[in-house]
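Read the structure below first, then the notes.
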Amino acid sequence: DVKVTQSSRYLVKRTGEKVFLECVQDMDHENMFWYRQDPGLGLRLIYFSYDVKMKEKGDIPEGYSVSREKKERFSLILESASTNQTSMYLCASSFMESSYNEQFFGPGTRLTVL
Amino acid sequence: SQQGEEDPQALSIQEGENATMNCSYKTSINNLQWYRQNSGRGLVHLILIRSNEREKHSGRLRVTLDTSKKSSSLLITASRAADTASYFCATDNFGNEKLTFGTGTRLTIIP
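What follows is the structure in structure tokens.
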């Protein structure tokens, strides 16, 4: 059974803390994505990666960075967490083949920044 | 920018009835996908329809695509309580691995 896992389901951090969200997929997918989901705004792409050590900014990269040192792992980093980064964070992965680019999602991490 | 916009934003129906959700998008697409999200969970892929297809079925799901109107609809027949979830359409651009998701339709099935 294909699987995308995220390191935490719930996370509470304080303003100014450095936060790491980790995502691991076991499907040998080339592409990995980080989204945030807020009520009324749907899913917004933060960053994505199409290969190890490769990354591209999505629609809302400000305040975030990412790391992909291994194919199966994609980390989202909040360098200095702020209250407006309280959100649900979703990781996804997909094959490179763009004609059938179904994305597989992890269960999500609900982050609260106090 | 939001590519897909779902309509309605929320829908409540009785169990056993059919549910129809619509999605409109702005630019040319390679394919359009529908996803389901149960409360507080990740999204699950339901069905993909390519730009050269007009209709596709999968179990109780029926998806249509009208590229001239840049719109798609998802029909769930004989709804069940377990269908209660949010439903999102997602579109891509040619040669682009990224998907753009709409804001979703919240479907509630009343037992």
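In the order they appear, the protein sequences are chains A and B. In case it helps, the working numbering puts the first sequence at residues 927 to 1040. In case it helps, the working numbering puts the second sequence at residues 1365 to 1475. A virtual CB, placed ideally from N, CA and C, is assigned to each residue, including glycine. All figures in this text were calculated on a predicted structure; none of them were measured in a lab.
- Across the region 1393-1413 of chain B, CB contacts with chain A closer than 9 Å involve ASN1394, ASN1395, GLN1397, TYR1399, GLN1401, GLY1404, ARG1405, GLY1406, LEU1407, VAL1408, HIS1409 and LEU1412, in sequence order along the chain.
- Restricted to the region 979-1027 of chain A, not a single alpha helix (DSSP H) segment is unbroken, complete and at least 4 residues in length.
- Within 7 Å of the CB of GLU1028(A), the CB atoms of chain B belong to GLN1397, HIS1409 and LEU1412, in sequence order along the chain.
- Beyond the five residues adjoining it in sequence on each side, TYR936(A) comes within less than 6 Å, by CB distance, of ARG1036 in the same chain, given in chain order.
- By the Cβ rule, the region 976-985 of chain A does not count as touching the region 1004-1011 of chain A, because fewer than three pairs are nearer than 8 Å.
- Residue pairing from DSSP places HIS1421(B) in a beta bridge opposite ARG1426(B).
- Closer than 7 Å at the C-beta level to chain B, one finds these residues of the region 959-992 of chain A: GLY966, LEU967, GLY968, LEU969, LEU971, PHE974 and TYR976.
- The C-beta separation of ILE1411(B) from LEU1429(B) comes to about 11 Å, leaving the pair out of contact by the 8 Å criterion.
- Between VAL992(A) and LYS981(A), the gap from beta carbon to beta carbon is short of 8 Å.
- Nearest C-alpha to GLY942(A) among LEU967(A), CYS1017(A), ASN1010(A) and LEU969(A): ASN1010(A).
- Residue contact with chain A for GLY1423(B): absent (no Cβ-Cβ distance below 8 Å to any residue of chain A).
- Between GLY1034(A) and THR931(A), the gap from beta carbon to beta carbon reaches 8 Å or more.
- If the five residues before and after ARG1470(B) are omitted, its C-beta is found closer than 6 Å to the C-beta atoms of ALA1374 and SER1450, all from its own chain and listed in chain order.
- Using beta-carbon distances, LEU1016(A) counts as an interface residue toward chain B, with a partner under 8 Å.
- Here the C-alpha atom of LEU969(A) lies approximately 6 Å from the C-alpha atom of ARG962(A).
- For GLN951(A), the enclosing beta strand (DSSP E) has its first and last residue at 945-951.
- Nearest to CYS1017(A) by C-alpha distance, out of GLY989(A), TRP960(A), LYS997(A) and TYR976(A), is TRP960(A).
- Pairing ASN1382(B) with THR1472(B) gives a Cβ-Cβ distance that is not under 8 Å.
- Take PHE1021(A), set aside five residues on each side of it, and the residues of its chain with a beta-carbon closer than 6 Å to its own are HIS955, in chain order.
- With a cutoff of 8 Å on beta-carbon distance, LEU1463(B) and TRP1398(B) are scored as not near each other.
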